[in-house]
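Enquirer: Protein chains in written order, with the numbering used here: chain H, 20 to 366; chain C, 28 to 589; chain R, 322 to 515.
Glycine included, every Cβ here is placed at the ideal spot set by N, Cα and C.
What you are looking at is a predicted structure, and each value in this text was computed from that prediction instead of being measured.
Handing you a structure now.
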Amino acid sequence: MQPQRGFSQIRCVPAFAACLAAAHPVFASGSHANLNIFAPVSTPSRQIYQLSLFTLTITGAIFVSVAGLLLYVILRYRAGKHQPEHEPAQVYGSVQVELAWTIIPILIVLVLFLTTARIIFAIQDAPEPKAAVDVDVIGHQFWWEYRYPKLGVVTANELHIPVSTTAHPAATYLHLFSADVVHSFWVPRLNGKTDLIPNHPNQMWMDPQETGLFLGQCAQFCGVQHAKMLIRVYVDTPQQFDAWVENQKKPAADDPAVAEGRRVFETEACMNCHAISGTAARGTVGPDLTHLMSRDTIGSGIVANTPENLRKWIQNPGSFKEGCMMPAMQLTDRQIDQVVAYLSTLH
Amino acid sequence: MADQTVPIGGSLDAAPPARGAFLEWLHSWVTTVDHKKLGILYVVYSLFFLLVGGAEAMVIRIQLAFPQNHFVSPETYNEIFTMHGTTMVFLFGMPILFGFANYVVPLMIGARDMAFPRLNAFSFWLTAFGGLLLYFSFIAGFGLYGMGNAPDAGWFAYAPLTTSAFSPGHNIDFWALALILSGFGTLGAAINIIATTLSMRCPGMTLSRMPLFVWLMLVVSSLTLVTITPLTAAQIMLALDRYLGAHFFDAQAGGSPLLWIHFFWIFGHPEVYVLVLPAFAIANEVIPVFSRKAIFGYPAMVAASVGIAFVSLTVWAHHMFTVGMTAAGNTFFALSTMVVAIFTGIKVFNWLATMWGGNLRFATPMLFCTGFLFQFLVAGLTGVMLAVAPWDWQLHNSYFLIAHFHYVLVGAIAMCLFAGFYYWYPKATGRMLSEKLGKWHFWLFVIGFHTTFDTMHFVGLLGMPRSIYTYEPDRGWTGLNQVISAGGFVQAIAVLLFVYNLVHSYYRGEPAGSDPWDAWTLEWATPSPPPVYNFADEPEVRSRRPLWDIKHPQDPDWKYEA
Amino acid sequence: MSSIPLFADEEWRLPSRGRVAMISLIIGECGIFAIFVAAYVYYIGRSLSGPTPRILEIPILNTVCLLSSSLTIWLAERAIERGRIRLFGAWWAATIALGLKFILGTAAEWRSLIYDHGLTISTNLFGTTFYSLVGLHATHVIVGLIGLSIVMIFTLLGHVREEHAERIQVWALYWHFVDAVWVVVFTVVYLVGR
Numbered sequence: 020m021q022p023q024r025g026f027s028q029i030r031c032v033p034a035f036a037a038c039l040a041a042a043h044p045v046f047a048s049g050s051h052a053n054l055n056i057f058a059p060v061s062t063p064s065r066q067i068y069q070l071s072l073f074t075l076t077i078t079g080a081i082f083v084s085v086a087g088l089l090l091y092v093i094l095r096y097r098a099g100k101h102q103p104e105h106e107p108a109q110v111y112g113s114v115q116v117e118l119a120w121t122i123i124p125i126l127i128v129l130v131l132f133l134t135t136a137r138i139i140f141a142i143q144d145a146p147e148p149k150a151a152v153d154v155d156v157i158g159h160q161f162w163w164e165y166r167y168p169k170l171g172v173v174t175a176n177e178l179h180i181p182v183s184t185t186a187h188p189a190a191t192y193l194h195l196f197s198a199d200v201v202h203s204f205w206v207p208r209l210n211g212k213t214d215l216i217p218n219h220p221n222q223m224w225m226d227p228q229e230t231g232l233f234l235g236q237c238a239q240f241c242g243v244q245h246a247k248m249l250i251r252v253y254v255d256t257p258q259q260f261d262a263w264v265e266n267q268k269k270p271a272a273d274d275p276a277v278a279e280g281r282r283v284f285e286t287e288a289c290m291n292c293h294a295i296s297g298t299a300a301r302g303t304v305g306p307d308l309t310h311l312m313s314r315d316t317i318g319s320g321i322v323a324n325t326p327e328n329l330r331k332w333i334q335n336p337g338s339f340k341e342g343c344m345m346p347a348m349q350l351t352d353r354q355i356d357q358v359v360a361y362l363s364t365l366h
Numbered sequence: 028m029a030d031q032t033v034p035i036g037g038s039l040d041a042a043p044p045a046r047g048a049f050l051e052w053l054h055s056w057v058t059t060v061d062h063k064k065l066g067i068l069y070v071v072y073s074l075f076f077l078l079v080g081g082a083e084a085m086v087i088r089i090q091l092a093f094p095q096n097h098f099v100s101p102e103t104y105n106e107i108f109t110m111h112g113t114t115m116v117f118l119f120g121m122p123i124l125f126g127f128a129n130y131v132v133p134l135m136i137g138a139r140d141m142a143f144p145r146l147n148a149f150s151f152w153l154t155a156f157g158g159l160l161l162y163f164s165f166i167a168g169f170g171l172y173g174m175g176n177a178p179d180a181g182w183f184a185y186a187p188l189t190t191s192a193f194s195p196g197h198n199i200d201f202w203a204l205a206l207i208l209s210g211f212g213t214l215g216a217a218i219n220i221i222a223t224t225l226s227m228r229c230p231g232m233t234l235s236r237m238p239l240f241v242w243l244m245l246v247v248s249s250l251t252l253v254t255i256t257p258l259t260a261a262q263i264m265l266a267l268d269r270y271l272g273a274h275f276f277d278a279q280a281g282g283s284p285l286l287w288i289h290f291f292w293i294f295g296h297p298e299v300y301v302l303v304l305p306a307f308a309i310a311n312e313v314i315p316v317f318s319r320k321a322i323f324g325y326p327a328m329v330a331a332s333v334g335i336a337f338v339s340l341t342v343w344a345h346h347m348f349t350v351g352m353t354a355a356g357n358t359f360f361a362l363s364t365m366v367v368a369i370f371t372g373i374k375v376f377n378w379l380a381t382m383w384g385g386n387l388r389f390a391t392p393m394l395f396c397t398g399f400l401f402q403f404l405v406a407g408l409t410g411v412m413l414a415v416a417p418w419d420w421q422l423h424n425s426y427f428l429i430a431h432f433h434y435v436l437v438g439a440i441a442m443c444l445f446a447g448f449y450y451w452y453p454k455a456t457g458r459m460l461s462e463k464l465g466k467w468h469f470w471l472f473v474i475g476f477h478t479t480f481d482t483m484h485f486v487g488l489l490g491m492p493r494s495i496y497t498y499e500p501d502r503g504w505t506g507l508n509q510v511i512s513a514g515g516f517v518q519a520i521a522v523l524l525f526v527y528n529l530v531h532s533y534y535r536g537e538p539a540g541s542d543p544w545d546a547w548t549l550e551w552a553t554p555s556p557p558p559v560y561n562f563a564d565e566p567e568v569r570s571r572r573p574l575w576d577i578k579h580p581q582d583p584d585w586k587y588e589a
Numbered sequence: 322m323s324s325i326p327l328f329a330d331e332e333w334r335l336p337s338r339g340r341v342a343m344i345s346l347i348i349g350e351c352g353i354f355a356i357f358v359a360a361y362v363y364y365i366g367r368s369l370s371g372p373t374p375r376i377l378e379i380p381i382l383n384t385v386c387l388l389s390s391s392l393t394i395w396l397a398e399r400a401i402e403r404g405r406i407r408l409f410g411a412w413w414a415a416t417i418a419l420g421l422k423f424i425l426g427t428a429a430e431w432r433s434l435i436y437d438h439g440l441t442i443s444t445n446l447f448g449t450t451f452y453s454l455v456g457l458h459a460t461h462v463i464v465g466l467i468g469l470s471i472v473m474i475f476t477l478l479g480h481v482r483e484e485h486a487e488r489i490q491v492w493a494l495y496w497h498f499v500d501a502v503w504v505v506v507f508t509v510v511y512l513v514g515r
């Protein structure tokens with residue numbers, strides 16, 4: 020009988036080692052779109068990261084020892100060319116051995132569990148500081164609504180929050196609601212994910228310590244365009260954040276040059292779904308468009324916010340996001356041009 | 028290969044009845060109540076749906092091989108991944124384990140058939156037609172071009188997405204009704220197995236002398252009673268919501284989608300133990316025979332299995348760490364999940380101890396069981412990672428999770444099922460499966476499996492969520508997805524090779540004899556294939572390995588067993 | 322095989338498969354009922370509008386009938402054990418009559434709830450959980466009554482004899498289960514929930 024090696028075990032070892040390597044922060048930084056859970060920039064994601072390293076160490080040690088044992092057994096006890104005359108000694112069990120390999124795992128689990136419990140409470144029950152920024156996040160099929168109740172800001176799809184420094188710590192608390200089905204808010208570098216469930220408000224917090232753009236997406240299947248319900252979180256310096264808030268609080272720009280476009284917007288059913296503050300448009304089914312031009316993307320992060328894309332979107336949203344809730348409004352080319360011109364003034 | 032040293036009582040009438048017309052043959056299969064034929068029907072049915080589910084997996088992998096791919100539309104993709112999961116769990120996983128149980132359990136306990144042969148047939152056909160109803164959904168509605176009305180809300184079918192407000196077509200109705208039906212079939216099969224193992228054992232076979240395969244099937248069937256029924260209840264509630272305007276999951280009326288999530292996972296978690304325990308059952312038979320040693324610690328194995336079944340009922344909310352339970356709630360479920368890891372870990376050690384000091388023969392069944400041991404170890408450890416609730420807040424619903432559960436479902440369960448096929452195929456057909464093809468099957472499958480599922484862990488760590496029909500090109504996920512897809516093709520080839528082996532060996536395989544593996548449980552004391560009545564004389568046993576006692580009269584087991 | 326001596330002279334006794342199967346079925350059914358009870362309990366007091374459980378009248382007579390039917394079926398079991406088929410038939414018929422009264426009483430209660438109070442399964446959470454839980458139980462009673470009636474017909478035709486006592490007991494187990502579930506449903510719906 021040919022000796023067989025446990026080939027699958029040989030593959031598992033480098034896989035595990037690579038896993039540990041990917042966990043190293045050096046590996047994680049640098050790429051343009053980074054959703055690596057091992058590249059935390061916020062306290063809760065960092066606590067999770069440290070807990071994960073601890074867990075990896077324990078499970079890694081278990082893997083190496085048990086896999087090593089298995090490899091040893093395979094090599095040492097494989098049948099040789101000559102079949103022995105007698106069957107090997109039949110060992111039916113051993114109480115001491117079984118006790119040992121029950122008690123040791125219990126102890127390992129105890130250690131892992133206590134560490135886990137500590138982090139669960141540290142993250143979930145962290146007291147909300149007075150100066151925290153509060154954001155209500157309302158999940159829709161297939162976009163994100165953001166409301167800052169204390170600041171009087173309503174926006175969509177692109178979340179702006181302040182950076183947290185040792186000099187000026189700044190946490191952001193997200194209160195999660197859903198207008199329709201179950202969604203999940205996941206920006207890996209900022210925190211683990213939390214679900215948005217109708218009739219069941221949830222809460223999560225983050226205090227990112229680096230400025231920049233952090234990406235994520237919806238993490239609970241919510242319908243046909245779940246895949247394109249992307250998240251963009253802009254972590255701003257305090258000045259940038261204040262400037263952004265100031266701008267968002269203003270009512271919509273009202274440029275008479277695009278009055279035609281505004282009229283189309285208000286009469287062709289756009290205002291049934293969308294809101295533009297300072298106008299008659301008060302719809303809440305779709306994103307608030309008051310400061311549409313302050314956003315880099317449209318369609319919940321899927322395409323750049325350019326007049327071309329905007330035009331294509333209005334003509335037929337399904338060309339970008341087939342099955343999304345916004346219907347093609349059957350506007351004429353001229354009407355679309357006018358609306359795009361109008362929307363392009365909404366900075 | 029053992030020679031015929033075992034005296035087989037009453038090995039008469041081994042010749043098959045004269046073959047009549049094709050219709051008579053078909054009629055005998057359709058109306059059979061013989062557990063062996065029904066076992067084969069279950070297995071063939073499951074293999075068919077394994078191939079269908081596998082094809083669905085390949086569609087998924089082709090679509091995901093490139094970002095912004097247009098191989099299938101989003102609607103079609105969502106139907107495909109939903110059907111992939113639903114098919115693999117309900118039309119492959121469940122029927123095949125009941126198929127193996129049906130075939131093997133009565134033979135192992137020295138019985139002539141199951142306790143209720145007609146219920147057995149009824150259960151099979153109910154399950155089978157439930158599955159066909161599920162697949163009819165592809166043709167219903169707009170038919171194949173528009174991909175019809177196949178369910179498209181994930182195999183977990185979360186409310187309120189599945190309520191009529193958000194799923195106005197018939198997709199979800201097919202899901203709920205087909206599974207309610209096949210669930211009743213499953214219940215019937217489970218009741219039958221419990222009654223058979225408790226009431227039909229041959230003289231001398233006390234519960235503590237039952238083969239571990241039978242013990243595990245008893246545990247699995249008992250667990251099924253309280254696992255499938257919550258799903259049936261939840262699906263009835265969903266059907267009431269959708270058809271009679273009930274408000275179980277209607278947030279507008281004050282209802283709670285969380286209720287569906289709880290009920291689904293109260294089913295969903297024990298369900299995965301229902302799927303994995305039969306894999307352990309097979310390993311418990313194959314590993315000792317191919318190590319030439321008795322299983323190490325039989326009582327502990329029984330206790331661990333029963334313990335797993337009970338504890339598995341307390342861990343369901345580890346699928347819900349992100350729904351916003353209290354810290355105390357999350358802590359409880361993290362703990363219970365880690366506890367169940369202890370019970371399962373112990374089993375791995377028992378298998379290792381069985382192999383220790385043995386004389387390991389790496390025929391194909393043992394190759395698959397060895398692969399199972401490595402892969403189950405990894406799967407169990409990634410399970411421990413997921414049990415660490417805060418880490419789960421990152422890993423949940425990512426491709427890391429998909430990698431973990433496929434490691435269990437494919438790397439552990441499918442591997443053991445293959446082992447079981449190679450082990451018992453000779454008994455069922457009288458012919459050996461080709462060892463050469465078996466080794467090709469094994470190595471190709473292992474290579475493909477690791478290519479796909481090892482890599483999948485990483486793309487999950489890089490933030491890729493599940494259930495998405497496409498992804499952005501700049502996320503660094505593209506290369507990894509291509510590797511994953513490539514591995515899928517290799518596994519597909521391996522499985523097709525296996526199916527070819529099954530068919531080819533039926534006509535060209537070496538004759539097996541009654542005991543080709545020199546094994547020790549009662550099924551090997553019958554001709555291959557066994558006559559319809561199994562045993563001409565009812566066996567009497569005195570230990571856990573009756574054939575060992577016969578083959579080693581100077582050193583029988585009953586002298587040493589507690 | 323017969324060369325292995327049996328280790329003792331004890332008789333080889335195994336539990337009856339019918340009993341095992343029925344108990345397994347009952348355990349499975351408990352799973353279904355448990356989920357409906359859980360939903361009922363969870364939604365107590367959460368209806369946003371519409372009738373509340375205060376409109377329910379405690380169905381004392383119905384309950385007494387159903388629980389007595391457990392007694393009568395028990396008496397029927399004892400009768401057939403002793404071979405007294407006619408007595409068995411009488412107690413069996415009494416069981417059916419009591420079960421039927423329960424169902425008719427439930428139907429009357431529902432009629433009143435629907436027409437006098439406007440409560441249907443789609444009215445509110447209370448309606449949803451009430452009709453589904455009580456309805457699930459009533460369905461099981463009806464299935465039981467159908468089974469009991471079939472046995473009644475066989476009895477009247479003279480096919481039921483003393484040797485069928487075991488099978489009668491297995492079927493009676495189902496009926497006892499249905500009654501036990503009613504105790505739970507009654508407590509949850511008419512006592513706790515009100």
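1. Provide the residue span of the alpha helix (DSSP H) that contains R/L408, from first to last.
2. Does DSSP classify H/C292 as helix, strand or coil?
3. Along the chain, where does the beta strand (DSSP E) containing H/R97 start, and where does it finish?
4. Kindly list, in the order they appear in chain H, the residues whose Cβ is closer than 7 Å to that of C/L408.
5. At a Cβ cut of 7 Å, what residues of the segment 87-108 of chain H count as close to chain C, listed as they run along the chain?
6. My assumption, with CB atoms under 8 Å, is that C/V60 sits in contact with C/R145. Please give the rounded CB distance.
7. Evaluate R/E484 with the Cβ neighbour count: other Cβ atoms within 10 Å of its Cβ, from every protein chain shown; 16 or more gives buried, anything less gives exposed.
8. For C/F151, which option in C/G272, C/G215, C/F193 and C/A280 has the closest C-alpha, if you only look at C-alpha atoms?
9. Per DSSP, what kind of secondary structure is C/H296 in: helix, strand or coil?
10. What does R/R432 touch in chain C if you count any residue whose Cβ is under 8 Å from its own?
11. Against chain A, with Cβ distances strictly below 8 Å, would C/M232 count as a contact?
12. What residues from the segment 488-518 of chain C come within 8 Å of chain H, judged by C-beta to C-beta, listed N to C?
13. For C/W551, is the classification buried or exposed, using 16 other Cβ atoms within 10 angstroms of its Cβ as the cut-off for buried?
14. In the DSSP assignment, find the unbroken beta strand (DSSP E) run with H/G235 in it and report its ends.
15. At the 8 Å Cβ level, is H/Y361 part of the contact set with chain C, yes or no?
16. At a CB-CB cut-off below 7 Å, which residues of chain C make contact with H/P124?
17. Would you decide whether R/E487 is buried or exposed? Buried here means 16 or more other CB atoms lie within 10 Å of its CB.
18. Closer than 8 Å by beta-carbon distance: list the chain C residues that pair up with R/V341, in chain order.
19. Three-state secondary structure (DSSP) at C/F448?
20. From the beta carbon of R/T449, is the nearest beta carbon of chain C less than 8 Å away?
21. What did DSSP end up calling C/W383 once you bin it into helix, strand or coil?
22. With distance defined between alpha-carbon atoms, name the residue in H/T230, H/H219, H/I295 and H/M290 nearest to H/D273.
Expert: The short version:
1. In the third sequence, counting from the first residue as 1, residue 408 of chain R sits at position 87. Looking at the DSSP string, the run of the alpha helix (DSSP H) that includes R/L408 is I406 to R432.
2. Indexing the first sequence from 1 puts residue 292 of chain H at position 273. In the structure shown, H/C292 sits in a helix (DSSP, three-state: H, G or I).
3. For the purposes of this step, residue 97 of chain H is taken as residue 78 along the first sequence, with counting starting at 1. It is not in any beta strand (DSSP E) - H/R97 carries neither H nor E in the DSSP assignment.
4. Position 381 of the second sequence, counted from the start, is the residue given in the question as residue 408 of chain C. Those within 7 Å of C/L408 in chain H are T78, I81 and F82.
5. From the segment 87-108 of chain H, only L88, L89, V92, I93, Y96, R97, A98, P103, E106, P107 and A108 have a Cβ closer than 7 Å to chain C.
6. Reading the second sequence from its first residue, position 33 is the one you call residue 60 of chain C. Reading the second sequence from its first residue, position 118 is the one you call residue 145 of chain C. At roughly 5 Å, the Cβ-Cβ gap stays under 8 Å, so C/V60 and C/R145 are in contact.
7. On the third sequence, residue 484 of chain R is found 163 positions in, with the first residue counted as 1. Counting Cβ neighbours within 10 Å, R/E484 comes out exposed, since fewer than 16 surround it.
8. The residue given as residue 151 of chain C occupies position 124 in the second sequence. Here the closest residue by C-alpha is C/G215.
9. Walking along the second sequence from the start, residue 296 of chain C turns up at place 269. Reduced to three states, the DSSP call for C/H296 is helix.
10. Translated into positions along the third sequence, residue 432 of chain R becomes position 111. Result: empty, since nearest Cβ-Cβ is about 17 Å, beyond 8 Å.
11. Protein chains in the displayed structure are H, C and R, and chain A is not among them.
12. L488, L489, G490, M491, P492, R493, S494, I495, Y496, T497, Y498, E499, D501, R502 and G503
13. Stepping through the second sequence from its first residue, residue 551 of chain C is reached at position 524. Buried, because 16 or more other Cβ atoms sit within 10 Å of the Cβ of C/W551.
14. Along the first sequence, one-based indexing puts residue 235 of chain H at 216. Segment G231 to C237, the beta strand (DSSP E) holding H/G235.
15. As a working mapping, residue 361 of chain H is identified with position 342 in the first sequence. It does not; no Cβ of chain C falls within 8 Å.
16. Against the first sequence, residue 124 of chain H aligns to sequence position 105. Near H/P124 (Cβ distances below 7 Å), the residues of chain C are I369 and G372.
17. Here the question's residue 487 of chain R lines up with position 166 in the third sequence. Flag for R/E487 reads exposed.
18. Within the third sequence, residue 341 of chain R is the residue found at index 20, counting from 1. Under the 8 Å cutoff, chain C gives A142, I221, A222, L225 and S226.
19. Counted from its first residue, the second sequence places residue 448 of chain C at position 421. DSSP places C/F448 in helix when its eight states are reduced to three.
20. Taking the first residue of the third sequence as position 1, residue 449 of chain R is located at position 128. Cβ-Cβ to chain C under 8 Å: yes for R/T449.
21. Here residue 383 of chain C is taken as the residue at index 356 of the second sequence, counted from 1. Looking at C/W383 - three-state DSSP - the assignment turns out to be coil, as it is neither helix nor strand.
22. One-based indexing of the first sequence puts residue 273 of chain H at position 254. Selected option, being the one with the closest Cα: H/I295.
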